[in-house]
Structure formats: C-alpha cells, structure tokens
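See below for the structure under consideration.
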Amino acid sequence: MQLPDYKIKILDFFKKKLEKKYELTFIHIPKCGGSYAGKYLKDLNIYNKGHIQATSFDQLTFTIIRDPVKRFESLLNYRLNMEHPRPDWPHHLNKYHYDKHCTLNEIIEKMSDKNILSFKPFRTLKYWTKNVKLLLTIDEFIEALKYLGYTIKNEYNETNVSQKNRGELSEKNIERLKQIFKDDYKIYNEWSKK
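If you use the numbering used here, the sequence shown corresponds to residues 17 to 210, in order.
Next up, the structure:
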C-alpha cells in the first residue's frame, strides 16, 4: 500500500525525532484494531499507551482510526456477546442484552443519543485523537512501521473481532449514527483520504 504524501511528511518528521531517541507512542482507540496492532507493537518494542488519551507532552503519537459507524457497530456486537452487560450499558436495555432475538437495530432505536455517546472507554474519535500527531487506517499501519525502519518478522491475524449475531444496521440507523458521530466523520474523512 502506498502511503499518502501528507502522512509521509509526518513519518519523515517522526524519523528525525526517533534518531534523537524520542519514543514512538501508540494510542489504542477501542474497536479500531488496536489489539491486532498491539502484537506488532510488542514485537517491535513500541510503547503502547493503551486506552489513555495522549497528552501535549507525548511527542510522537500515532493511532489507528476506523469508520465511526462500523466502529460503533463493532462495539455493540462485542458488548452484546458478553455474558452480562457492563456498568455503562443503559440500564433500561438490560433485558435486551440478554434477549438474543432482539436485533442490533431494535437496541439502537431504544438508545438515546446520550446513551450512544456514554460508553467507556469507547468515547469518540474526537476524544481519542486529541494531541495525536498521526492517524492511520488499519491498512496503513504495517506500511507506516516499515517506512519508519521497523522490520516486521511475524505476521498476525486480526484479533478481538466482534461476532455479528444481532443482524446488520438499517440505513435509518446508519444515517442517525452518522449524525451523532459527525465530528468523528470529519476526522475520519480527513485522515483516510489518499
């Protein structure tokens, strides 16, 4: 995969800083491929800050982003496959968590916008990308590491992939989620352009 020029410029800046012993730091945005990336980061001894927001003091931060609606759909599928709801699950929807016949669409339609935005550590891309210098798609991740001079010795399969047991999102719910995550779409569209 060919990295776009604007990302190459950032990576060139990173290279210069890495030569001066600055530390490369990964911010793991939930449901964006961070568990998969984490295996490579561990092999390469790259600092993985996990689900902790970058600070202005973090010099060389990067992360992986994903289409916001697909990211939220993945979160719901992941959560609905858990035996019990987590504390941030909307309490009025507990019975639907256990009812395996209740579809993803039915659950989303019962959620307020506030419910949708209240999952932790999920949060928004806008929250997670604050102070991050480079945003990559999962397809660009390995190529960016290679560009920085890292040698990839092992290949890993995707991990933590959410099972889709509650159906596909309807167009109506996709459009609603696009509106709720409109700020995230601005970020995603800006950083996923080629």
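Using N, Cα and C, we set each Cβ at its ideal position, and we do this for glycine too.
Once DSSP output is grouped into helix, strand and coil, what is the label at residue i?
i	result
Tyr63	strand
His117	coil
Ile45	coil
Gln195	helix
Asp129	helix
Ala70	coil
Arg87	helix
Phe157	helix
Leu34	helix
Asn176	coil
Arg139	coil
Asn205	helix
Trp144	helix
Glu171	coil
Arg102	coil
Leu57	helix
Just checking my contact of residue i with residue j at CB under 8 Å: how many whole Å lie between their CB atoms?
i	j	result
Thr79	Thr145	7 Å
Pro20	Asp200	With 8 Å as the limit, Pro20 and Asp200 do not qualify as a contact, their Cβ atoms being about 20 Å apart.
Leu193	Phe88	6 Å
Val45	Leu161	Reading the sequence as shown, one finds Ile at residue 45 and not Val. Their Cβ separation, rounded to whole angstroms, is 17 Å, which puts Ile45 and Leu161 out of contact at 8 Å.
Ile81	Cys48	6 Å
Asp129	Ile196	5 Å
Met17	Glu159	5 Å
Lys33	Gln75	6 Å
His113	Pro101	5 Å
In this structure, what does DSSP give as the bridge partners for residue i?
i	result
Leu40	Leu76
Leu152	Ile80
Say whether chain C places a C-beta atom closer than 8 Å to the C-beta of residue i.
i	result
Asp21	The chain inventory of the structure shown lacks chain C, comprising one protein chain alone.
Q) Do the region 113-130 and the region 31-48 meet, that is, are 3 or more Cβ pairs less than 8 Å apart? A) No, the region 113-130 is not in contact with the region 31-48.
Check: Is the region 124-141 close to the region 159-178, with three or more CB pairs under 8 Å?
Finding: They do not touch, by the three-pair rule.
Is it true that the region 87-102 meets the region 178-198, where meeting means three or more beta-carbon pairs spaced less than 8 Å apart? Yes, the region 87-102 touches the region 178-198.
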